[in-house]
Amino acid sequence: MEDLKVTATGYDFAPARAAMQRYIDNDLLSGISSAVMVGRELVDVSCVGWADKEAQIPLRTDHIFRVFSNTKLITSCAALLLFEEGRFRLDDPIETFIPQLGNRKVLRPGATSIDDTEPAQSSITIRQLLSHSAGLSYGFFDPGTVIFKALNERGVHNPNTTLAEMVDVLAGLPLIYQPGTSWEYSLAIDVIARLVEVVSGQTFDRFIKARILDPLGMVDTGFVVPQQDQGRLVAYYAGADLMEPMKPGLTRTDSAPFPGAYLRPVARLNGGGGLVSTIPDMVALIRSLLPGGPTLLKPDTIAMMMSNQLPEGQWIRFAMMGEQPGKAHGLAGGLILNPSPIDHPDAAGEFYWAASRARSGGFRLKPAWPAS
């Protein structure tokens, strides 16, 4: 397990901790654990609030969280390990490895039927999957749309289906835009997890354990919490309103996204959001992507991973929140090109992601890798 000893001093985090405590006191979050690094050195580690509000169990650094979309960072790193071995190129069409995802159809603009389509003008590439510009959707954030209904009716999120079976569902449905022409948060990283399986010849969980989790000492990260450690899994609370994160009120919902989640093995090795982890494990992962010591990936790969992969002027957008000008996407997370009014003034160049839907945290880093 990663050592969380603070090794750099001279910083005052009292205001930040006080702000975190206000989130707890105002019933916005149940607990917050955080780690701050300058370079690879820890300058602050903090836990405030509760692992279990009802039982009044204070949050500790060894508590296990559902990390939801932070799983995507590990999945993207897994794919990039195979990329470094020359097993594929980023601009290879995905059907080279997953044939059923070739010969795509695309929903026409304004389509009201899942059959109102036109041929795709190009193949989906691995780069587009890694950067969420492939034309896929999620089936979470756009209720009322044709694709939302089709994805959910066909059970694309069914935990009792494998990644291969998920791909078969996607193969039978159209894209929502021509590959490479827009951005949509999507199941693309789950497709990347399936790509890792196909290329490596291993199940996704075994690959990441052998190539990422074990080498980095991430002992508490996985798809299932072992029975002897289930007492360390934090309670899960949903906020009062997804679209109003500052609205007070928490509802305990340990059975989400399905009863028994993370407590027993299921078929779906969800590369987009299926892992649990701890703050020491996540520190180990982030540290492995920073200069100044051994890294999980080659420096050039990390620099490329944290560089914008979208065409000029194309920004990330969420179905319920619209476009976010100034926010682009790399090969494993978002990238701030132009800080918005809610970003701090020096945010340009920051690489980040957050699982705000689940209130399970995220990462922000501004490493000193040269731009690729």
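Position 312, counted from 1, in the sequence shown is what full-length UniProt numbering calls 312; the numbers after and before it change by one each time, with no gaps. C-beta atoms are modelled at their ideal positions from N, C-alpha and C, and glycine is treated no differently.
Exercise for review: Would you kindly report the start and end of the unbroken alpha helix (DSSP H) that includes Ile336?
Suggested key: The sequence position of residue 336 within the sequence shown is 336, counting from 1. Element bounds for Ile336: not the alpha helix (DSSP H) but the beta strand (DSSP E), Gly334 to Ile336.
**Study point:** Under the three-state DSSP convention, the category Ser372 falls into
**Key:** The residue labelled residue 372 in the question sits at position 372 within the sequence shown. Reliability of the predicted coordinates at Ser372 is poor, the pLDDT of 46 falling under 50, and no value is obtained from them.
**Study point:** Extent of the continuous alpha helix (DSSP H) run through Met166
**Key:** Here residue 166 corresponds to residue number 166 of the sequence shown, with the count starting at 1. Unbroken alpha helix (DSSP H) run through Met166: Leu163 to Ala171.
**Study point:** Which listed residue (Asp62, Gly334 and Val38) has its alpha carbon closest to that of Met218
**Key:** Here residue 218 is taken as the residue at index 218 of the sequence shown, counted from 1. Nearest option by C-alpha distance: Asp62.
Exercise for review: Tell me whether Arg357 sits in a helix, a strand or coil according to DSSP, three-state version.
Suggested key: On the sequence shown, position 357 is the one that residue 357 refers to. Confidence in Arg357 is poor, its pLDDT being 42 and thus under 50, which makes the residue's placement too unreliable to answer from.
Review point. Roughly how many whole angstroms lie between the Cα atoms of Asp214 and Phe97?
Key: Here residue 214 refers to the residue found at position 214 of the sequence shown. Here residue 97 refers to the residue found at position 97 of the sequence shown. Rounded to the nearest angstrom, the two C-alpha atoms are 27 Å apart.
Exercise for review: Please name the residue, chosen from Leu130, Gln21, Asn103 and Leu129, that lies closest to Glu118 on a Cα-to-Cα basis.
Suggested key: Locating residue 118 in the sequence shown gives position 118, counting from the first residue. Here the closest residue by C-alpha is Asn103.
**Study point:** Whole-angstrom distance between Asp281 and Asn26, CA atom to CA atom
**Key:** In the sequence shown, counting from the first residue as 1, residue 26 sits at position 26. In the sequence shown, counting from the first residue as 1, residue 281 sits at position 281. Here the C-alpha atom of Asn26 lies approximately 29 Å from the C-alpha atom of Asp281.
Exercise for review: Could you name the residues of the same chain whose beta carbon sits closer than 7 Å to that of Tyr185, not counting the 5 residues immediately before and after it, in chain order?
Suggested key: Translated into the one-based positions of the sequence shown, residue 185 becomes position 185. Setting aside the 5 residues that flank it on each side, Tyr185 is surrounded in the same chain by His132, Tyr138, Phe141 and Phe318, each with a C-beta closer than 7 Å to its C-beta; the list follows chain order.
Check your understanding: What does a CB cutoff of less than 8 Å around Ile24 pick up in its chain, not counting 5 residues either side in sequence?
Key -> Within the sequence shown, numbered from 1, the residue matching residue 24 stands at position 24. If we look at Ile24 and ignore the five residues flanking it on each side, its Cβ neighbours are Ser30, Gly31, Ile32, Val48, Gly49 and Trp50.
Review point. Over what stretch of residues does the beta strand (DSSP E) that includes Glu41 continue unbroken?
Key: Position 41 of the sequence shown, counted from the first residue, corresponds to residue 41. Where Glu41 is concerned, the enclosing beta strand (DSSP E) stretches over Glu41 to Asp52.
Practice item. Please state if the CB of His329 and the CB of Ile342 are separated by a distance shorter than 7 Å. Key: For the purposes of this step, residue 342 is taken as residue 342 along the sequence shown, with counting starting at 1. For the purposes of this step, residue 329 is taken as residue 329 along the sequence shown, with counting starting at 1. Contact: no.
Check your understanding: Among Thr71, Thr181 and Ala55, which one has its Cα closest to the Cα of Gly362?
Key -> Sequence index remark: in the sequence shown, residue 362 carries index 362 (1-based). Closest by C-alpha distance to Gly362, out of Thr71, Thr181 and Ala55, is Thr71.
Point to revise | Reference Ile147, options Asn160, Gly172, Ile126 and Arg127, closest by Cα | key: Residue mapping note: residue 147 aligns to position 147 of the sequence shown, counting from 1. Measuring from the Cα of Ile147, the nearest candidate turns out to be Gly172.
Exercise for review: Consult DSSP for Gly155 and reduce its assignment to one of helix, strand or coil.
Suggested key: Walking along the sequence shown from the start, residue 155 turns up at place 155. In the structure shown, Gly155 sits in coil (DSSP, three-state: anything other than H, G, I, E or B).
Point to revise | Proximal residues to Leu136 (C-beta, below 6 Å), its chain only, five neighbours per side dropped | key: By one-based count along the sequence shown, residue 136 stands at place 136. In its chain, beyond the 5 residues on either side, Ser186, Leu187 and Ala188 have a beta carbon closer than 6 Å to the beta carbon of Leu136.
Practice item. May I ask which residues mark the beginning and end of the alpha helix (DSSP H) holding Ile74? Key: On the sequence shown, residue 74 is found 74 positions in, with the first residue counted as 1. Ile74 -> alpha helix (DSSP H) spans Thr71 to Glu84.
Review point. For Thr125, which three-state DSSP category applies?
Key: Translated into positions along the sequence shown, residue 125 becomes position 125. The answer is strand: DSSP assigns Thr125 an E or B state.
Check your understanding: What's the gap between the Cα of Tyr237 and the Cα of Thr125?
Key -> Numbered from 1 along the sequence shown, position 237 holds the residue referred to as residue 237. Numbered from 1 along the sequence shown, position 125 holds the residue referred to as residue 125. A straight line joining the alpha-carbon of Tyr237 with that of Thr125 spans about 37 Å.
Exercise for review: Name the residue from Gly273, Gly322 and Lys366 whose alpha carbon lies nearest to the alpha carbon of Ala286.
Suggested key: Reading the sequence shown from its first residue, position 286 is the one you call residue 286. In the sequence as presented, Ala is not what sits at residue 286; that position holds Ile. Nearest of Gly273, Gly322 and Lys366 to Ile286, Cα basis: Lys366.
Point to revise | Touch test, the stretch 205 to 213 against the stretch 70 to 85, Cβ-Cβ under 8 Å, three pairs minimum | key: Three or more pairs of CB atoms, one per stretch, sit closer than 8 Å, so the stretch 205 to 213 contacts the stretch 70 to 85.
Review point. Do you know offhand how far Leu59's Cα is from Arg252's?
Key: Mapped onto the sequence shown, residue 59 falls at position 59. Mapped onto the sequence shown, residue 252 falls at position 252. Rounded to whole angstroms, the separation of the alpha carbons of Arg252 and Leu59 is 16 Å.
Check your understanding: Can at least three beta-carbon pairs, one atom from the stretch 337 to 352 and one from the stretch 149 to 162, be found at a separation below 8 Å?
Key -> Short answer: they don't touch.
Check your understanding: How should Arg89 be labelled, buried or exposed, when 16 other C-beta atoms within 10 angstroms of its C-beta is the threshold for buried?
Key -> Sequence index remark: in the sequence shown, residue 89 carries index 89 (1-based). Exposed is the call here.
Practice item. Mind reading off the beta-carbon distance from Asp168 to Asn270? Whole number of angstroms is fine, and I expect it under 8 Å. Key: Within the sequence shown, numbered from 1, the residue matching residue 168 stands at position 168. Within the sequence shown, numbered from 1, the residue matching residue 270 stands at position 270. Contact between Asp168 and Asn270 is ruled out by a C-beta separation of about 16 Å, above the 8 Å threshold.
Exercise for review: Identify, in the order they occur along the chain, each residue of the same chain with its Cβ nearer than 7 Å to the Cβ of Ser372, setting aside the five sequence neighbours on each side.
Suggested key: In the sequence shown, the residue the question calls residue 372 occupies position 372. Per-residue confidence for Ser372 stands at a pLDDT of 46, beneath the threshold of 50, marking its modelled position as unreliable; the derived number appears in the next sentence. Answer for Ser372: Asp300, Ala303, Met304 and Ser307, listed in chain order.
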